[in-house]
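**Q** Note that the protein sequences, when read in sequence, are chains A and B.
Each residue of the first sequence is one higher than the last, beginning at 379 in my numbering.
Each residue of the second sequence is one higher than the last, beginning at 3 in my numbering.
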Amino acid sequence: DAGVTQSPTHLIKTRGQHVTLRCSPISGHKSVSWYQQVLGQGPQFIFQYYEKEERGRGNFPDRFSARQFPNYSSELNVNALLLGDSALYLCASSVDMSDTQYFGPGTRLTVL
Amino acid sequence: GIQVEQSPPDLILQEGANSTLRCNFSDSVNNLQWFHQNPWGQLINLFYIPSGTKQNGRLSATTVATERYSLLYISSSQTTDSGVYFCAVEAYSTLTFGKGTMLLVSP
Chain A
379 DAGVTQSPTH LIKTRGQHVT LRCSPISGHK SVSWYQQVLG QGPQFIFQYY
429 EKEERGRGNF PDRFSARQFP NYSSELNVNA LLLGDSALYL CASSVDMSDT
479 QYFGPGTRLT VL
Chain B
3 GIQVEQSPPD LILQEGANST LRCNFSDSVN NLQWFHQNPW GQLINLFYIP
53 SGTKQNGRLS ATTVATERYS LLYISSSQTT DSGVYFCAVE AYSTLTFGKG
103 TMLLVSP
């Protein structure tokens, strides 16, 4: 079975631009979560979606938004990019909200 | 929010040595997971262990939920064990990670 997939792998943007990151969960998983990991730190929780509804939100500004589609894939959108948004963005899927989370390979975003 | 502290922050071992990594958390949690992050950034799930003890090959983990800590044991370490080990706890629909333990196993 395929694991969690994310696209793109790498992305370079300039300040003020908008970015969309995509995630496809493991087949049969209904929950998708997004995390931001800056160098030298642990991943920070951004959002959790379950059955297409937002079920949890971390301490991130409104420039960050997400959605989950009927096939359980998900998008993370970030508007008005700042230099500090440069990070590895990780997506994780799980069968249920409190189940084991399986992570994708991540999207490495660089904001210049 | 919940606080997660991992120790030690860094660890250097010779191949074949054993080690214990610790994770303390500040409040009751629904579950706890241990992950290994390889040099390419991929997080690999090691254990889902809200309580009790589990073993998988050379790795084992114990969580004492009532005392709010978990331990990850690595026996007979190999160079491929190098990387960052994270503990993450789930409470209030949020998975909170510690800062990790960076492990380097030298041949």
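Where a beta carbon is used, it is the ideal one built from N, C-alpha and C, also for glycine.
Grouping DSSP H, G and I as helix and E and B as strand, with all else coil, what is residue 12 (chain B)?
**A** Three-state DSSP puts residue 12 (chain B) in a strand.
**Q** Under 8 Å: do the stretch 390 to 405 of chain A and the stretch 414 to 428 of chain A share three or more Cβ pairs, one atom per stretch?
**A** Output reads no: the stretch 414 to 428 of chain A does not touch the stretch 390 to 405 of chain A.
**Q** Keeping to the same chain, check which residues put their C-beta closer than 6 Å to that of residue 64 (chain B); ignore five residues upstream and five downstream.
**A** If we look at residue 64 (chain B) and ignore the five residues flanking it on each side, its Cβ neighbours are 55, 73.
**Q** Looking at chain A, which residues of the stretch 86 to 99 of chain B have a Cβ within less than 8 Å of any of its Cβ atoms?
**A** Per Cβ criterion, the list reads 88, 90, 92, 94, 95, 96, 97, 98, 99.
**Q** Anyone know if the C-beta pair for residue 397 (chain A) and residue 391 (chain A) falls short of 8 Å?
**A** Yes, the pair counts as a contact, with Cβ atoms nearer than the cut-off.
**Q** Who does residue 348 (chain A) pair with in a DSSP beta bridge?
**A** This structure leaves residue 348 (chain A) out entirely; chain A is present only between 379 and 490.
**Q** Please decide whether residue 33 (chain B) counts as near chain A, where near means a Cβ-Cβ distance under 8 Å.
**A** Judged by the 8 Å Cβ criterion, residue 33 (chain B) is in contact with chain A.
**Q** Give me whichever residues DSSP pairs with residue 35 (chain B) in a beta bridge.
**A** Looking at the DSSP assignment, residue 35 (chain B) forms a beta bridge with B:50, B:90.
**Q** When DSSP labels each residue in this structure, what does residue 69 (chain B) get in the three-state scheme?
**A** In the structure shown, residue 69 (chain B) sits in a helix (DSSP, three-state: H, G or I).
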